[in-house]
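Colleague: Numbering (the UniProt record's numbering), first residue to last: 1 to 349.
1. If you check the beta carbons only, do residue 186 and residue 180 fall under 8 Å apart?
2. Got a sec, what are the start and stop residues for the alpha helix (DSSP H) residue 112 sits in?
3. Please report how far the alpha carbon of residue 151 lies from the alpha carbon of residue 325, in whole angstroms.
4. Near residue 190, what residues of its chain come up, given a Cβ to Cβ distance below 6 Å and the 5 sequence neighbours on each side ignored?
5. In or out: residue 130 buried (at least 16 other Cβ within 10 Å) or exposed?
6. Measuring only the C-alpha atoms, how far is residue 192 from residue 301?
7. Please list, in chain order, all residues of the same chain as residue 63 whose beta carbon is under 8 Å from its beta carbon, the five residues on each side excluded.
8. Whose C-beta lies closer than 7 Å to the C-beta of residue 24 among residues of the same chain, with five residues either side of it excluded?
9. If we count the other Cβ atoms within 10 Å of its Cβ and call it buried at 16 or more, is residue 235 buried or exposed?
10. Measuring CA to CA, which of 299, 305, 79 and 215 is closest to residue 328?
11. Check residue 315 in the structure and name its three-state DSSP category.
12. My output table needs one value for residue 159: the three-state DSSP class, helix, strand or coil.
13. Verify whether the separation of the beta carbon atoms of residue 282 and residue 304 is less than 8 Å.
14. Provide the residue span of the alpha helix (DSSP H) that contains residue 56, from first to last.
15. If we ignore side chains and look at the alpha-carbon of each, how far apart do residue 54 and residue 45 end up?
16. Between the stretch 97-105 and the stretch 264-279, are three or more C-beta pairs nearer than 8 Å?
17. Given this structure, state the Cα-to-Cα distance separating residue 296 from residue 219, to the nearest angstrom.
18. Could you give the DSSP three-state label for residue 91: helix, strand or coil?
19. Kindly confirm or deny that the stretch 255-265 and the stretch 31-39 touch, where touching means at least three C-beta pairs closer than 8 Å.
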């Protein structure tokens, strides 16, 4: 790894140490020490984006953007207390708890996503962890969506080893389980599970042979160093995730994090760039919060190395840009989607 001079976080008071939790697989040393990640965050903005863009072009010469659609297959009523989440039963956010969707409804949504250009279809359920009685129905969804030619992804909460294996056997490609934030900030956001619970699930996913989709949320009141701690934790997983969703907090009235000062948009762009540099071969996804960013900030994120977006007018329970608006933006920027690029190259998704 290229040496990077350590830079202190002078504007943010006393530096907080980052204690790394056990990665999915043991490694001899961190590939990205926290001070090196902080040094990236503290680079001049143009220098950071240039460095990220060079690595992005080296690893993704087609410069294509992946379109992924996320569907809430079971909404609301979650027993967890994640401070950002309108689906937690304990918060009054207007989200109605619903049962697991019918398989046919899910397949209709997947078909519509495919026809709109999506190549990956992610199914999300508001569970602490799936119950065995729900697994069979989810497995059927996975098999049928996979048969449509879409990549499959699911986010169902914490998994046991045997549940991860069942999803793999059903044809699941990716499992999403975010770390959310740095270990040292985690207790400020969630108390109903700990950081190691999340890492344990990622370990079960890797053991089953599934690809990992894992990222976090920024703008929850964390410091820059804590944002660096999240990126370092992700980058030091062995291996690092194949997909890294970076969410900008969408503040929902009724949740504990509603009313925070919003994160500076350029700080969000910096986070995208640092994710690209530290995880050069990952799909870095613009996830929640794009509707509040505007076109200019999204364009800078693509320049910084983002090459995947959640596509469709809903992101679980929060609003997302309309699909037509995304098509217009990508056309303005001259960016091709993954499916189009691979079709021209004679490949398949």
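We put the beta carbon where it would ideally sit given N, CA and C, even for glycine.
Modeller: In terms of the structure at hand:
1. For this step, residue 186 is matched to residue 186 along the chain shown. For this step, residue 180 is matched to residue 180 along the chain shown. Yes, the pair counts as a contact, with Cβ atoms nearer than the cut-off.
2. As a working mapping, residue 112 is identified with position 112 in the chain shown. Counting along the chain, the alpha helix (DSSP H) containing residue 112 begins and ends at 103-115.
3. Your numbering for residue 151 matches position 151 in the chain shown. Your numbering for residue 325 matches position 325 in the chain shown. Residue 151 and residue 325: Cα-Cα distance of roughly 23 Å.
4. Translated into the one-based positions of the chain shown, residue 190 becomes position 190. Answer for residue 190: 82, listed in chain order.
5. Position 130 of the chain shown, counted from the start, is the residue given in the question as residue 130. Label assigned to residue 130: buried.
6. Looking up residue 192 in the chain shown gives position 192. Looking up residue 301 in the chain shown gives position 301. Going by the C-alpha atoms only, they are around 33 Å apart.
7. Locating residue 63 in the chain shown gives position 63, counting from the first residue. These residues qualify, in order along the chain: 56, 57, 307, 335 and 336.
8. Residue numbering aside, residue 24 sits at position 24 when the chain shown is read from its first letter. In this prediction, residue 24 has a pLDDT of 44, which is less than 50 and means its spatial position is unreliable; what the coordinates show is noted afterwards. So the list reads 199, 202, 203, 206, 237 and 238, once near-sequence residues are dropped.
9. If you number the chain shown from 1, residue 235 lands on position 235. It counts as buried.
10. Counted from its first residue, the chain shown places residue 328 at position 328. Residue 299 is the option with its Cα nearest to residue 328.
11. Residue 315 sits at position 315 when you count from the first residue of the chain shown. Any reading at residue 315 is ruled out, since the residue's pLDDT is 46, under 50, leaving its predicted position unreliable.
12. Looking up residue 159 in the chain shown gives position 159. Correct three-state label for residue 159: coil.
13. Residue 282 sits at position 282 when you count from the first residue of the chain shown. Residue 304 sits at position 304 when you count from the first residue of the chain shown. In this structure, residue 304 does not lie closer than 8 Å to residue 282 by Cβ.
14. The count along the chain shown starts at 1 and reaches residue 56 at position 56. Element bounds for residue 56: 45-59.
15. One-based indexing of the chain shown puts residue 54 at position 54. One-based indexing of the chain shown puts residue 45 at position 45. The straight-line gap from Cα to Cα measures roughly 14 Å.
16. no
17. Taking the chain shown and counting its residues from 1, one reaches residue 296 at position 296. Taking the chain shown and counting its residues from 1, one reaches residue 219 at position 219. Distance between the alpha carbons of residue 296 and residue 219: 19 Å.
18. Stepping through the chain shown from its first residue, residue 91 is reached at position 91. Coil at residue 91, not helix or strand.
19. no
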